[in-house]
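What follows is one structure encoded as structure tokens, with my remarks underneath.
Number of protein chains: 2
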Amino acid sequence: MDRRIHKTRNAIIEAFVGLMAEKNFEQITINEIADKANVNRGTIYLHYVDKHDLLEQCIEIHLDQLFQKCPPGGDTDNFSSKDLMLRMFEYLEQHAFFYSTILTNKGIPAFRKRLLDMAKNSLSEQINKSGSNQNIQNEVLIQFLASAGVGVIEWWITNSMPYPAKDMVEEFWQLLERFQI
Amino acid sequence: MDRRIHKTRNAIIEAFVGLMAEKNFEQITINEIADKANVNRGTIYLHYVDKHDLLEQCIEIHLDQLFQKCPPGGDTDNFSSKDLMLRMFEYLEQHAFFYSTILTNKGIPAFRKRLLDMAKNSLSEQINKSGSNQNIQNEVLIQFLASAGVGVIEWWITNSMPYPAKDMVEEFWQLLERFQI
DNA sequence: TTGGATTTGTTGATTTTTTAACAAAATCCT
DNA sequence: AGGATTTTGTTAAAAAATCAACAAATCCAA
Numbered sequence: 001m002d003r004r005i006h007k008t009r010n011a012i013i014e015a016f017v018g019l020m021a022e023k024n025f026e027q028i029t030i031n032e033i034a035d036k037a038n039v040n041r042g043t044i045y046l047h048y049v050d051k052h053d054l055l056e057q058c059i060e061i062h063l064d065q066l067f068q069k070c071p072p073g074g075d076t077d078n079f080s081s082k083d084l085m086l087r088m089f090e091y092l093e094q095h096a097f098f099y100s101t102i103l104t105n106k107g108i109p110a111f112r113k114r115l116l117d118m119a120k121n122s123l124s125e126q127i128n129k130s131g132s133n134q135n136i137q138n139e140v141l142i143q144f145l146a147s148a149g150v151g152v153i154e155w156w157i158t159n160s161m162p163y164p165a166k167d168m169v170e171e172f173w174q175l176l177e178r179f180q181i
Numbered sequence: 001m002d003r004r005i006h007k008t009r010n011a012i013i014e015a016f017v018g019l020m021a022e023k024n025f026e027q028i029t030i031n032e033i034a035d036k037a038n039v040n041r042g043t044i045y046l047h048y049v050d051k052h053d054l055l056e057q058c059i060e061i062h063l064d065q066l067f068q069k070c071p072p073g074g075d076t077d078n079f080s081s082k083d084l085m086l087r088m089f090e091y092l093e094q095h096a097f098f099y100s101t102i103l104t105n106k107g108i109p110a111f112r113k114r115l116l117d118m119a120k121n122s123l124s125e126q127i128n129k130s131g132s133n134q135n136i137q138n139e140v141l142i143q144f145l146a147s148a149g150v151g152v153i154e155w156w157i158t159n160s161m162p163y164p165a166k167d168m169v170e171e172f173w174q175l176l177e178r179f180q181i
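Protein chains in written order, with my numbering: chain A, 1 to 181; chain B, 1 to 181.
In structure tokens:
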């Protein structure tokens, strides 16, 4: 892809996230974003139809990155999946600014829901692949585990990551072992 | 000027200076600069004919900035010129990375000469404007003072600015007062 | 509520940058 | 020295970003 596209989108998204750390999503203007990104206002409309579309794509890009770190279809035997989990927590650590601001910012209820949905999809792929056919119970299990996982992550991020990624994986792992996953 | 020009030139010059901090001027390639600046190689040729031209313009931009801080034609009565000097030292502090690397890098004898020339021009304007017509002696005086000034600055920068700008101005000022300037 | 100011979304003409290709020159290596 | 690789400088065509101008929508204060 053309170099300029990457640079421009990066500048826009970085400016956008920076502004979200300062004020509510609704009161951010396209003008501000363009100014902060040092980009012509019209350029933003070449990539995003809308302020909401910008938010959507911004979320999508980051969640794609996040779930690329723990691929549901990948080799997730019990041994390496602990590694995957560590990589995910480390990724969150590196991009803490984004996740923290988007979880904190008022007016973005969408994000937590999207995160939960992706977690559920990831889990259901993984569980259904591994055999057991008690479908109704699986649905409950998925909802239960996904909520728990997202909740822990949300707590960890918004509380400034009080424990290092490595420790979080250990804690999390012990909790999961209680459910023979 | 078009926004893109600023961004591109900044990226190129920043990459160039960054590389000069790592290796000799002569062994820096246009390819490296383009890579580090994240710019197409051809783009560099749209702005600079040459690696040497890039160096020239890079030096020119910075020296113009430097001597904009102590304008020779400006209001340089004995009172405010101490302020001007302070602003110059503070400017040097802010851009220490550039001036330090370009003074340290082997293969750039040009820079010190250019700096000395600009200092001499600045001084001669200032002195000739203020009257005295003993021209031959003035030439010596200019060479003397310019060399002294550039020498002090060079020492200050390459020795990691061991004293703050404010102190340097005081020291410098005292030295100048011995010559009734 | 009205009127002025700001923001929004769109457009067309222009400029800049990119990509990919090329031959010539320089550099490296054995 | 000689052959392979890298670097250099240039080019044409395509893509992206800029600027400036617009009407419509929103916001805000008097």
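Beta carbons: idealized from backbone N, C-alpha and C, even for Gly.
The structure displayed is predicted, hence computed values, not measured ones.
Under 9 Å between C-beta atoms of residue i and residue j
i                 : j                  : result
Ala-34 of chain A : Glu-14 of chain A  : no
His-62 of chain B : Ile-102 of chain B : yes
Phe-16 of chain B : Leu-54 of chain B  : yes
Phe-97 of chain B : Leu-145 of chain B : no
Met-1 of chain A  : Leu-92 of chain A  : no
Euclidean distance between Cα positions of residue i and residue j
i                  : j                  : result
Ile-157 of chain A : Glu-56 of chain B  : 49 Å
Asn-106 of chain A : Glu-22 of chain A  : The sequence as given places Lys at residue 106 of chain A; Asn does not occur at that position. Their Cα atoms are separated by approximately 11 Å.
Leu-141 of chain A : Lys-51 of chain A  : 36 Å
His-6 of chain A   : Leu-86 of chain B  : 41 Å
Lys-18 of chain A  : Leu-123 of chain A : A quick correction: the sequence has Gly, not Lys, at residue 18 of chain A. One C-alpha to the other measures close to 32 Å.
Ile-59 of chain A  : Arg-41 of chain A  : 21 Å
Ala-148 of chain B : Ser-130 of chain B : 21 Å
Met-20 of chain B  : Asp-117 of chain B : 23 Å
Ala-165 of chain B : Gln-68 of chain B  : 17 Å
Leu-176 of chain B : Asn-138 of chain B : 15 Å
Asn-24 of chain A  : Phe-89 of chain B  : 41 Å
Asn-159 of chain A : Ala-110 of chain A : 20 Å
Asn-10 of chain A  : Asp-83 of chain A  : 29 Å
His-47 of chain A  : Asn-31 of chain A  : 15 Å
Ile-127 of chain A : Tyr-163 of chain A : 29 Å
Gln-27 of chain A  : Thr-43 of chain A  : 20 Å
Cys-244 of chain A : Thr-8 of chain B   : Since the first residue of chain A shown is 1 and the last is 181, residue 244 of chain A is not available in this structure.
Asp-167 of chain B : Asp-64 of chain A  : 54 Å
Arg-3 of chain A   : Val-152 of chain B : 44 Å
Tyr-45 of chain A  : Gln-94 of chain A  : 29 Å
Thr-76 of chain B  : Glu-125 of chain B : Only weak support is given to the placement of Thr-76 of chain B: the predicted model assigns it a pLDDT of 48, under 50, and the value that follows is read from those uncertain coordinates. About 11 Å.
Thr-104 of chain B : Thr-104 of chain A : 47 Å
Thr-29 of chain B  : Asn-121 of chain A : 49 Å
Gln-143 of chain B : Val-39 of chain A  : 47 Å
Ser-81 of chain B  : Ile-12 of chain A  : 43 Å
Nearest-angstrom beta carbon gap, residue j and residue i [assumed within contact, 8 Å]
i                  : j                  : result
Ala-119 of chain B : Val-150 of chain B : 5 Å
Arg-112 of chain A : Glu-154 of chain A : 7 Å
Contact set between residue i and chain A, taken where Cβ atoms lie within less than 9 Å
i                : result
Arg-3 of chain B : Asn-38, Val-39, Asn-40
Counted within 10 angstroms of its Cβ, other Cβ atoms place residue i as buried (16 or more) or exposed
i                  : result
Val-49 of chain A  : exposed
Tyr-99 of chain A  : buried
Phe-172 of chain A : buried
Gln-174 of chain B : exposed
Asn-78 of chain B  : Annotation note: pLDDT 49 at Asn-78 of chain B (below 50); position unreliable, no value reported.
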